[in-house]
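Using our numbering, the first residue of the sequence shown is number 78, and each one after it goes up by one.
Just so it is clear, CB atoms sit at the ideal spot from N, CA and C, and this is done for glycine as well.
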Amino acid sequence: MTHVKDCQECRQPIFRNTSSITHQFKLGIFEKDAYSWWHCSFVHIESETEFKQDRYGRHSVLCRPLLGPANQPLDVKGQVYAVIQREDRKIEEEGFIVKDLTTPLLGLPAIRRLQMIPQLNSIDDAEKHFRSTYPEVFKGLGNLKGEYKIKLRDNAAPYALSAPRRVAIPLRAKVKEELDRMEKMGVIARVEEPTEWSGKTSGKICICVDLTHLNESVIRERHILPAVDETLAKLEEARVFTKLDATSGFWQVPLHKDSMLLTTFITSEGRYYFKRLPFGISSAPEHFQNRISQLIDGVDGVLCHADDVLVIGRDRAEHDDRLHRVLQKSRHACQI
């Protein structure tokens with residue numbers, strides 16, 4: 078044991094104990110019907126453990142807190158700085174000695190540095206193939222067929238504001254830039270005529286309209302959203318995955334002309350109304366979930382949560398066939 082440095086906190090000396098051991102690491106994978114091991118060659122570890130000596134001459138091991146599954150603290154007894162060698166490759170890694178851990182475990186960073194698992198780069202090529210086959214699906218803002226009409230209760234009372242929400246002066250230019258972008262995309266349009274309904278925007282760069290009073294009169298569709306546990310149960314045999322994210326989700330649904338002025342909102346730049354389904358409507362999540370569920374209906378291995386669509390398959394061929402069908406349905410569901 079040799080003195081190497083002093084502790085920065087208490088200025089007590091720190092000692093290092095050097096030892097040499099040899100282990101055979103086993104990397105295991107679980108499958109449904111079998112359990113197999115990957116064996117690697119013997120790994121030689123030259124370990125160095127640092128200790129701190131207190132004023133009474135007692136030694137304590139220096140190691141940081143280590144958490145296991147569910148953030149449960151592990152009983153770490155020591156910390157080593159190891160030189161790990163596999164064939165002709167040698168790396169330096171930090172390791173921990175954990176009580177009751179009988180099988181040595183090798184972490185993913187070390188596995189990659191030792192090149193024990195080949196790295197495949199076929200995902201990018203597959204993505205380019207699908208993007209080039211369905212270019213209209215991946216360009217701009219989608220425009221789903223079928224307009225959405227906001228349904229109000231019979232006793233709905235109009236509500237309007239005459240003053241916009243105050244926006245911090247440094248943010249006003251960015252707010253105007255975002256409003257101009259939304260207007261150019263066809264999401265909103267200016268209002269010059271008098272309207273019975275008018276909400277106010279938030280002061281953030283992401284334009285969000287406060288439609289609280291309108292929502293009190295909106296009749297919701299009550300479409301049941303899928304539970305996360307139910308979705309996870311369907312992933313049991315999945316091996317290949319693709320996640321599709323609908324750009325600006327709700328904005329892909331056009332509003333019925335009778336509903337547009339209901340979404341009028343006031344800003345420091347003037348009044349606007351939505352031409353697409355806004356995020357502030359209480360019925361928007363249920364309606365959008367219903368629309369996407371109808372779009373992917375009939376295709377196995379496709380799961381939907383709001384604007385996220387997950388395509389799964391037991392192998393690449395099954396996954397690609399399902400993904401092609403989803404993209405074909407998406408192309409037919411949009412107004413080009």
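Rounded separation between S345 and P241 - CA only: Translated into the one-based positions of the sequence shown, residue 345 becomes position 268. Translated into the one-based positions of the sequence shown, residue 241 becomes position 164. Those two C-alpha atoms are separated by around 6 Å.
Taking C-beta to C-beta, are G217 and Q329 nearer than 8 Å? What you label residue 217 is simply residue 140 of the sequence shown in a count that begins at 1. What you label residue 329 is simply residue 252 of the sequence shown in a count that begins at 1. Contact: no.
E171 (DSSP reduced to helix, strand or coil): By one-based count along the sequence shown, residue 171 stands at place 94. Note: E171 maps to strand in three-state DSSP.
Quick check on F365: buried or exposed, where buried means 16 or more other Cβ atoms within 10 Å of its Cβ? By one-based count along the sequence shown, residue 365 stands at place 288. Classification of F365: buried, given that the 10 Å Cβ count is 16 or more.
Using only the alpha-carbon positions, how far apart do I188 and V403 sit? If you number the sequence shown from 1, residue 188 lands on position 111. If you number the sequence shown from 1, residue 403 lands on position 326. Each residue's CA atom was taken as its position, placing I188 and V403 some 36 Å apart.
Helix, strand or coil: how does DSSP classify L400 here? For the purposes of this step, residue 400 is identified with residue 323 of the sequence shown, where counting begins at 1. Helix.
For I194, count neighbouring Cβ atoms within 10 angstroms of its own Cβ and tell me buried if that reaches 16, exposed if not. Residue numbering aside, residue 194 sits at position 117 when the sequence shown is read from its first letter. Exposed, because fewer than 16 other Cβ atoms sit within 10 Å of the Cβ of I194.
Residue range of the beta strand (DSSP E) that includes Q371: Here residue 371 corresponds to residue number 294 of the sequence shown, with the count starting at 1. Careful: Q371 lies outside any beta strand (DSSP E), inside the alpha helix (DSSP H) at A361 to L372.
Considering only residues of the same chain and omitting the five flanking positions on each side of R299, which have a CB-CB separation below 8 Å? One-based indexing of the sequence shown puts residue 299 at position 222. These residues qualify, in order along the chain: E363.
Are the CB atoms of Y236 and H290 within a distance shorter than 8 Å? Numbered from 1 along the sequence shown, position 213 holds the residue referred to as residue 290. Numbered from 1 along the sequence shown, position 159 holds the residue referred to as residue 236. Inclusion of H290 and Y236 in the CB contact set at 8 Å is warranted, their separation being smaller than that value.
Any chance the region 174-193 sits against the region 208-216, with 3 or more Cβ pairs inside 8 Å? These segments do not touch.
Report the option in Y225, A394 and F342 whose CA atom is closest to the CA atom of R297. For the purposes of this step, residue 297 is taken as the residue at position 220 of the sequence shown. Of the listed residues, the one whose Cα sits closest to R297 is Y225.
Starting from D385, trace the beta strand (DSSP E) both ways and give me its first and last residue. Residue 385 sits at position 308 when you count from the first residue of the sequence shown. Its beta strand (DSSP E) spans residues D385 to G390.
Counting pairs of Cβ atoms below 8 Å between the region 305-324 and the region 389-396, do you hit three or more? Contact holds: three or more Cβ-Cβ distances are below 8 Å.
Going by DSSP in three states, R393 sits in which element: helix, strand or coil? Numbered from 1 along the sequence shown, position 316 holds the residue referred to as residue 393. Three-state DSSP puts R393 in a helix.
Whole-angstrom distance between A203 and A233, CA atom to CA atom: Position 156 of the sequence shown, counted from the start, is the residue given in the question as residue 233. Position 126 of the sequence shown, counted from the start, is the residue given in the question as residue 203. Straight-line measurement puts the Cα of A203 at about 51 Å from the Cα of A233.
What are the boundary residues of the alpha helix (DSSP H) that L256 is part of? Taking the sequence shown and counting its residues from 1, the one referred to as residue 256 is at position 179. Run containing L256: I246 to M262, per the alpha helix (DSSP H) assignment.
Per DSSP, cross-strand counterpart(s) of T344: On the sequence shown, residue 344 is found 267 positions in, with the first residue counted as 1. T344 is bridged to G347.
Can you tell me which of V376, L380 and D384 puts its alpha carbon nearest to the alpha carbon of F327? Position 250 of the sequence shown, counted from the first residue, corresponds to residue 327. Of the residues V376, L380 and D384, the one whose Cα lies closest to the Cα of F327 is D384.
Where does L185 land, buried or exposed, given buried means 16+ other C-beta within 10 angstroms? For this step, residue 185 is matched to residue 108 along the sequence shown. Classification of L185: exposed, given that the 10 Å Cβ count is below 16.
Distance, Cα to Cα, H401 vs D335? Against the sequence shown, residue 401 aligns to sequence position 324. Against the sequence shown, residue 335 aligns to sequence position 258. Each residue's CA atom was taken as its position, placing H401 and D335 some 36 Å apart.
If you draw a straight line from the alpha carbon of K222 to that of L332, how long is it in whole angstroms? One-based indexing of the sequence shown puts residue 222 at position 145. One-based indexing of the sequence shown puts residue 332 at position 255. For K222 and L332, the distance between alpha carbons rounds to 11 Å.
Classify D287 as helix, strand or coil using the three-state DSSP reduction. Translated into positions along the sequence shown, residue 287 becomes position 210. Here D287 sits in strand by DSSP.
Just how far apart, CA to CA, sit E255 and F215? Position 178 of the sequence shown, counted from the first residue, corresponds to residue 255. Position 138 of the sequence shown, counted from the first residue, corresponds to residue 215. The straight-line gap separating the alpha-carbon atoms of E255 and F215 is approximately 22 Å.
Residues near V379 in its chain [Cβ-Cβ closer than 8 Å; skip 5 each side]: The sequence position of residue 379 within the sequence shown is 302, counting from 1. Excluding positions up to five away in sequence, the list reads I373, V386, L387, V388, I389, R399 and V403.
Quick one: is S239 buried, meaning 16 or more other Cβ sit within 10 Å of its Cβ, or exposed? Mapped onto the sequence shown, residue 239 falls at position 162. Counting Cβ neighbours within 10 Å, S239 comes out exposed, since fewer than 16 surround it.
From what residue to what residue does the beta strand (DSSP E) around I265 run? Here residue 265 corresponds to residue number 188 of the sequence shown, with the count starting at 1. In the DSSP assignment, I265 falls within the beta strand (DSSP E) that extends over I265 to R267.
Exposure of W114, with buried meaning 16 or more beta-carbon neighbours within 10 Å: Working through the sequence shown from its first residue, we reach residue 114 at position 37. With a pLDDT of 41 at W114, under the threshold of 50, the modelled position of that residue is not reliable, and no figure is offered here.
Length of the line joining the Cα atoms of S359 and K205: Counting from 1 along the sequence shown, the entry for residue 359 is found at position 282. Counting from 1 along the sequence shown, the entry for residue 205 is found at position 128. Roughly 37 Å separates the two Cα atoms.
Here's the rule I'm using: 16 or more other beta-carbon atoms within 10 Å means buried, otherwise exposed. How should K352 be labelled? By one-based count along the sequence shown, residue 352 stands at place 275. Buried is the call here.
Burial state of P150, where buried means 16 or more other Cβ atoms lie within 10 Å: Your numbering for residue 150 matches position 73 in the sequence shown. Exposed.
Go ahead and pull the three-state DSSP assignment for P241. In the sequence shown, counting from the first residue as 1, residue 241 sits at position 164. Residue state, collapsed to three classes: coil.
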